[in-house]
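One structure is given here, and the rest of the page talks about it.
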């Protein structure tokens, strides 16, 4: 070891070359000055709490705060990213700091820790977090990763559980599997999650849970059994059907109630060729949905139901607040419903939209939708950039890019804004009502046709209108119909018939008996669903979401 000798003194070369001024994470507000004054003897080091030995004559010092740190502790803090196992010790002293793990501040350092090797400062509770964890809503192990943004600069900059930014937080739980593209979560979000015990011998690749998008051997099986249907489901080659059939008749998936696109393969009832076909079809992914799932959207396990227990199997999705039929994830304890499309949207967590340049991310708070301009509460997809403030409600996210209209030979395209005209007046060509040029709409430029999304798709696009169902309060089968008061004076729909059971006006999605010429609320005892899609059951349990927006 090299050293220097003087008159009555010897000093190591590395000590002689120490910088005269440094910045330290334990004392970030002021610089620390190298000093050789003797009055620091008998003082404690602010990092390791050890007394300075009498023979020590060099230390770093802040005169304004009377803060001392020995040169050993001061020199180790620079070596932060060497992959060492942290050696935490108790840190004392009333010093304000921000935890290097969770990013939250704390004024009380009485029970907080600092690593003797790299000088990380963390809460006591953060120093004890497990290295690998499993959570119910992710299929792989998550590993505690220090210096996440330094090691993986191309990964995402937000937490996949709470959607908050992770800038400035040095440690995250991260999935290193290639298919997850850097799934990451705050330690505070992991702490409130239901953790699954991790075996030390487990590997991340062997801990997968069922996923709606996994490719399995059943995908190519010619026929499969499915719990939602009594008959076998056959694999239909969409490309082959498109070549053999020139007709443009749409097929609807009985799971998500969305159209099966032309040329897309799907599952269909094997008895469709018989005299009385079932007309039951499923998207490939809808046929693979797990029957049980856990999501941060709700506190309890959700069960996949092929049909909701209501007239026509109609339910209201608690994510998009829209009425729907088909499959649903349901919590019987809370009467919580989640439609399949919304569950898949939540699993994706991010999406791209032609109306905006940046990626949109799932969020738990909405101010105003940029598509319909309405103010809603529950959930939305919003731009991660604070400058944009672009956000879409879930209902508008679910709008298809193109739709068909029986009186137009061309597909109608989803359009995001109207070109300003001389009169500055805009109308829907279907209902002839006023249309806001800033609201999204469907248009055909070839025919100069423009209309509201609700006018072309209906107010309940995920409900099959006209179907006959049994109603417990009526002797005949009833049909689901959309009753809406006409805005045209003297129109026959200007006055709606009341409900035959409660005498209240039947408006919105209601039941109609053509034999008796009467209307009935679908659940008239609760006035369950009105035109706005609201629930009227006062005894219905309120929802509790695990996801909370940071501003709430």
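Residue numbers (the UniProt record's numbering): 1 to 552. Cβ atoms here follow ideal geometry from the backbone N, Cα and C, with glycine treated the same way. Computed from a predicted structure; not experimentally measured.
Item, Value
"Opposing strand residues paired with residue 479 [DSSP bridges]", "468, 512"
"Proximity below 9 Å, CB of residue 324 to CB of residue 317", "yes"
"Burial state of residue 291, where buried means 16 or more other Cβ atoms lie within 10 Å", "exposed"
"Cβ neighbours of residue 35 in the same chain (closer than 7 Å, five flanking residues each side left out)", "59, 61"
"Within the segment 284-318, ranges of the beta strand (DSSP E) (whole runs, at least 3 residues)", "302-305"
"Sequence ranges, beta strand (DSSP E) only - wholly within the segment 399-475, length at least 3", "412-415, 441-444, 449-451, 468-470"
"Per DSSP, cross-strand counterpart(s) of residue 347", "Bridge partners of residue 347: none, in fact."
"Assigned exposure category for residue 322 - 16 Cβ within 10 Å defines buried", "buried"
"Proximity of residue 497 and residue 485 at Cβ, strictly below 9 Å", "no"
"Reference residue 506; option with closest CA among 520, 515, 270", "520"
"Exposure of residue 456, with buried meaning 16 or more beta-carbon neighbours within 10 Å", "buried"
"Cutoff 7 Å; reference residue 396; Cβ partners in own chain excluding five residues on either side", "369, 371, 372, 440"
"DSSP-derived helix/strand/coil call for residue 240", "helix"
"Beta carbon of residue 360 nearer than 9 Å to that of residue 352", "yes"
"Within 9 Å, strictly: CB atoms of residue 265 and residue 223", "no"
"Through-space distance from residue 356 to residue 16, alpha-carbon basis", "58 Å"
"Beta-carbon gap between residue 226 and residue 287 smaller than 9 Å", "yes"
"DSSP state of residue 188 mapped onto helix, strand, coil", "helix"
"Secondary structure of residue 223, DSSP reduced to three states", "strand"
"Reduced DSSP category for residue 365 - H, G, I as helix; E, B as strand; rest coil", "coil"
"Integer Cβ distance of residue 403 from residue 442, believed to fall under 8 Å", "6 Å"
"Whole-angstrom C-beta distance between residue 513 and residue 476, which should lie under 8 Å", "5 Å"
"Coarse secondary structure for residue 166, derived from DSSP in three states", "coil"
"Beta bridge counterpart(s) of residue 519 as assigned by DSSP", "499, 512"
"Rounded straight-line distance, which links the Cα of residue 436 to that of residue 419", "11 Å"
"Per-residue DSSP class, three states only, for residue 99", "coil"
"Residue of 71, 481, 381, 347 minimising C-alpha distance to residue 51", "71"
"Rounded C-alpha distance that separates residue 315 from residue 289", "19 Å"
"Alpha carbon of residue 480 to alpha carbon of residue 400, nearest angstrom", "23 Å"
"Residue 341, DSSP secondary structure in three states", "helix"
"Own chain residues within Cβ distance below 8 Å of residue 515, not counting five before or after", "476"
"Exposure label - residue 537; buried when at least 16 CB within 10 Å", "Confidence is the limiting factor: at residue 537 the pLDDT is only 41, short of 50, which leaves the residue's position unreliable and the question unanswerable from this model."
"Residue 135 (DSSP reduced to helix, strand or coil)", "coil"
"Reference residue 393, options 406, 161, 405, 379, closest by Cα", "379"
"Beta-ladder partner(s) of residue 259, from DSSP", "252"
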